[in-house]
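Okay, structure first, notes after.
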Amino acid sequence: MEKIPEKFLNSDGTLNTNALLKSYSELEKKIGTMVSIPDDNADMETRTKFYRAIGVPSTTSEYPKNEFFDDEKLKEKFLEIGLTSSQVEKIYQVAEEFLTPVLSDLFNIQNETNAITELKNFFGDEDKMRDALQAINAFGEKYLPQEAFNSLCATPQGIRSVYAMMQSMDPHIQTDDGQTKNLSETELRRMMKDPKYWRDQDPEYVRKIENGFKKLYS
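Numbering (our numbering), first residue to last: 339 to 556.
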């Protein structure tokens, strides 16, 4: 027979029923507050009780916010699988560490593609864009501080600004035969009859004519 603990005995060795009943009552209360780990067949009440006990929030709004991954559907999935706020915070930290550089590269590639498309449209086509960029680079090396030139050429708008600056500083206009000279109004109007001006609206060709008139009447 198991020996009765001394805390349940009176001083004369008899059973202290009051101490026994009190201990049993406290044990019932403790069991009532214990949480069972739910298995795959657990009902929602058991699962919810377990989630609250380990710190899973009751709503998605209680999860931490994140600049890159703050998505409501993602938070709903976190809540569904029972992740705590601290666990979600760790997931964000790992995601930022490994995914942010990849996302940054993708954004840079997309921005570069958009910039090239914009410049192609501005200069007319890829060949004209390439020629213009070479001329802009030579102009920048000659007239602009390197830091300022690099800063301007970081965006399509900046490149167009340098190109406009280059055009305004160039005292001559280059004709289709590759010669550089000042053109008369008659020669400019002859150029306007070319389909590249009135039909195709070739940006580079149009700018040549506009620049020629500016040089004549400015």
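For each residue, glycine too, the CB sits at the ideal point set by N, CA and C.
As the structure is a computational prediction, the values presented were derived from the model and not from experiment.
Return the CA-CA distance between Ile-511 and Ala-433, expressed in angstroms with no decimal places.
Interpretation of Ile-511 is limited by its pLDDT of 46, a score under 50 that renders its predicted location unreliable; the figure taken from the coordinates is listed afterwards. Cα to Cα, Ile-511 sits roughly 55 angstroms from Ala-433.
Could you check the C-alpha separation between Asn-452 and Gly-462 for me, to the nearest Å?
15 angstroms
Measure the alpha-carbon distance for Ile-474 versus Glu-525 and round it to whole angstroms.
26 angstroms
Around the C-beta of Gly-351, are 16 or more other C-beta atoms found within 10 angstroms, so that it is buried, or is it exposed?
exposed
Can Phe-460 and Tyr-430 be called in contact, C-beta distance under 9 angstroms?
no
At which residues does the alpha helix (DSSP H) containing Arg-390 begin and terminate?
382-392
Cα separation between Ser-522 and Ala-476?
28 angstroms
Using 10 angstroms around the beta-carbon of Ala-470, count the other beta-carbons present and answer buried if the total reaches 16, otherwise exposed.
buried
Assign Lys-546 to buried or exposed, taking buried as 16 or more other Cβ atoms, counted over all protein chains shown, within 10 Å of its Cβ.
buried
Close-in-space but distant-in-sequence residues of the same chain around Glu-410 (CB under 8 angstroms, 5 per side omitted)
Thr-398
Quick one: is Asn-549 buried, meaning 16 or more other Cβ sit within 10 Å of its Cβ, or exposed?
buried
What's the gap between the Cα of Gln-472 and the Cα of Phe-551?
25 angstroms
Using the rule of at least 16 other Cβ atoms within 10 Å of the residue's Cβ for burial, across every protein chain shown, is Gly-478 buried or exposed?
buried
Leu-634, DSSP secondary structure in three states:
There is no way to answer for residue 634, as the model of the chain reaches only from 339 to 556.
With distances taken from CA atoms, which of Glu-450, Asp-540, Gln-425 is nearest Val-394?
Gln-425
What residues are listed by DSSP as bridge partners for Leu-353?
Leu-347
Name the residue from Cys-491, Lys-360, Lys-403 whose alpha carbon lies nearest to the alpha carbon of Glu-450.
Cys-491
What alpha helix (DSSP H) runs, 4 residues minimum, are completely inside the region 416-474?
423-461
For Ser-399, name the three-state secondary structure that DSSP assigns.
helix
Distance between Leu-412 and Leu-353 (C-alpha atoms, nearest Å):
60 angstroms
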